[in-house]
Every structure is written in C-alpha cells, then in structure tokens.
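Below: one structure, written as structure tokens.
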Amino acid sequence: MPESRRVAIVTGAARGIGAATAVRLAQDGLAVAVLDLEESAAKVTADAVLAQGGQAIAVGADVADAEAVEAAVDRVVAELGAPTVLVNNAGVTRDNLLFKMTETDWDTVLGVHLRGSFLMSRAAQTHMVAAGWGRIVNLSSTSALGKRGQGNYAAAKAGLQGFTKTLAMELGKFAITANCIAPGFVVTDMTRATADRIGVPWEQYLQDRAAAIPVQRAGRPEDIANAVSFFVDEKAGFVSGQVLYVAGGPWG
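Residues in the sequence shown are numbered from 1 upward in steps of one, following the UniProt record's numbering.
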C-alpha cells in the first residue's frame, strides 16, 4: 500500500448508502474497511471495490459492542493501516407509534446509531490525533426534524447532529473535522422495508415520495456518497461541525 493512501472505515457498508460510500471513497484513492454486522455481507462490497482495482477488506462487527469495535479497529490497523477517515453510517429502524413502541425498539435504534457512532469515533480518533489529520462523517436524516412513527429514529438522528458539532469542537485542534449528512428519501432496502411495513406497493410509494421532493426524484445512494466524498477531501479542511441536508430540496 502506498504510504500516501489514507484508510477509511465505513460502517453499515454492506449495502445501500454505506456500500455506495465505500465504493466512492475507494475511487477517490482511499483504502476502505467495509464494516457491517455480518462479515459475509460486507465482503460483497469489499469485492466490488477490489474488482475496480481498489483496496478493501471486509470486517464484521456490532458497532454497539465496545469490545467488538475495538477489535475491528485493531484489525483495520493491522491489515490496512491506521484509519484517518470514519463514516458512521450503520443504522436500523424499528418504527412504531409511541404507544406501540417497546423499550427494545428504542434501545436497539439508539444503540446502533448513537452508541455505535460514539464507540467508533472514540476508537478511530486515537489514530487521527496521532496522525494530526482526520475526517469523521456521521449520517443523520431529515427524520431528525421529526417524523410520525419514528420517535426512536428521529431522536437518534437528531442526537447525531449534536454529537457531530461537539466532535468538531473537541477535535478541531488536531486538524480533524466532523460533519454530518442528513439524507432525505433515498432508494435503499430500508426505504423499501418502510413501504412494506405500511402496506403500500413500492412503485406507488416511490412515486408519492418523489412527487413531494422539489427536484422531483428520489435520492440515490450515490448522491449521499458524493457528499461524503466532499467532506472527506483534503480541500474541505475548513468545513467542520456542519449538517448538510442532501434531500432534493430545502430542509433543516
């Protein structure tokens, strides 16, 4: 591996936004650790990067498990090098109205999104501080502004925005930036699952959601990956603590 090649970790990178981000960062010249709960699922994305001539490894880890996170980051250091880019994308949904939502629904979503981002950031920042350079990008959502049936998800995504701004304040003196991307409606397995949950045919759901977006189309995972690429770039070193809504219109 060339000494100049930076190492990125992308969580929840087996599919959707995470997979597109891993591929894009590899195209940008970074070595990428594709992290997901199941290593076999992450390997699909890692193989796609390798097929394009990039450098990647698949890593299986539960981001809400402190020991698993430490072991995963140690493995990245051993196999790719010290990570100086972290994209906290791992997420789950357990949608329900408040009176139906269980403690497990709440804890699972807050655990993956908030605890997971905290644990990954804490583990990775050690290497960024040592390098005197780093980039952390957290994935929020337009749901952070509130969304019916997503009290847990909205709370987690809003919390990530405050967490991001705090990281920017604490880590800026080490030339580490922290920024947040809040996607709007993006076509992924997660949004397809939402259509299934509410009993609306996917094509109808897609059409209805796109009609409500000013640019009149649904987002694609690559739209979010492009924004991540900007925040991670060397040229974005004076941009930190920001929340960018990538949603096809004015949100936030």
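Virtual Cβ for every residue (Gly too), placed ideally from N, Cα, C.
Item, Value
"S117 classed as buried or exposed, judged by whether at least 16 other C-beta atoms fall within 10 angstroms", "buried"
"First through last residue of the alpha helix (DSSP H) which encompasses L206", "W202 to A211"
"Uninterrupted beta strand (DSSP E) stretches inside the segment 169-249 (no shorter than 3 residues)", "176-183 and 243-246"
"Unbroken beta strand (DSSP E) run spanning L86, endpoints", "P83 to N88"
"Three-state class that DSSP yields for A8 in the structure shown", "strand"
"Completely contained beta strand (DSSP E) runs for the segment 128-167, where each covers 3 or more residues", "134-139"
"M1 in three-state terms, based on DSSP", "With a pLDDT of 36 at M1, under the threshold of 50, the modelled position of this residue cannot be trusted; read the value that follows with caution. In this structure, M1 counts as coil in the three-state DSSP scheme."
"Status (buried if at least 16 other CB within 10 Å, exposed otherwise) for M1", "Only weak support is given to the placement of M1: the predicted model assigns it a pLDDT of 36, under 50, and the value that follows is read from those uncertain coordinates. Per the 10 Å Cβ criterion, exposed."
"Cβ pair count under 8 Å reaching 3, the segment 167-177 against the segment 208-220", "no"
"Beta-bridge partners of D36, as assigned by DSSP", "G60"
"Nearest-angstrom Cβ-Cβ length linking G60 and L37, presumed shorter than 8 Å", "7 Å"
"Sufficient close CB pairs (3 or more, under 8 Å) joining the segment 181-189 to the segment 236-251", "yes"
"Among T11, R15, S240 and A20, the one whose alpha carbon lies nearest that of R115", "T11"
"W251, enclosing alpha helix (DSSP H) - first and last residue", "Counting along the chain, W251 falls outside any alpha helix (DSSP H), and DSSP gives it neither H nor E."
"Cβ-Cβ distance between A33 and A8 below 8 Å", "yes"
"Secondary structure of A13, DSSP reduced to three states", "coil"
"Status (buried if at least 16 other CB within 10 Å, exposed otherwise) for residue 264", "No answer is possible for residue 264: the residues shown for the chain start at 1 and end at 252."
"From A58, G53, V49 and I136, residue whose alpha carbon lies closest to that of K43", "A58"
"Contact set for R220: own chain, Cβ-Cβ below 7 Å, skip 5 residues either direction", "V186 and V187"
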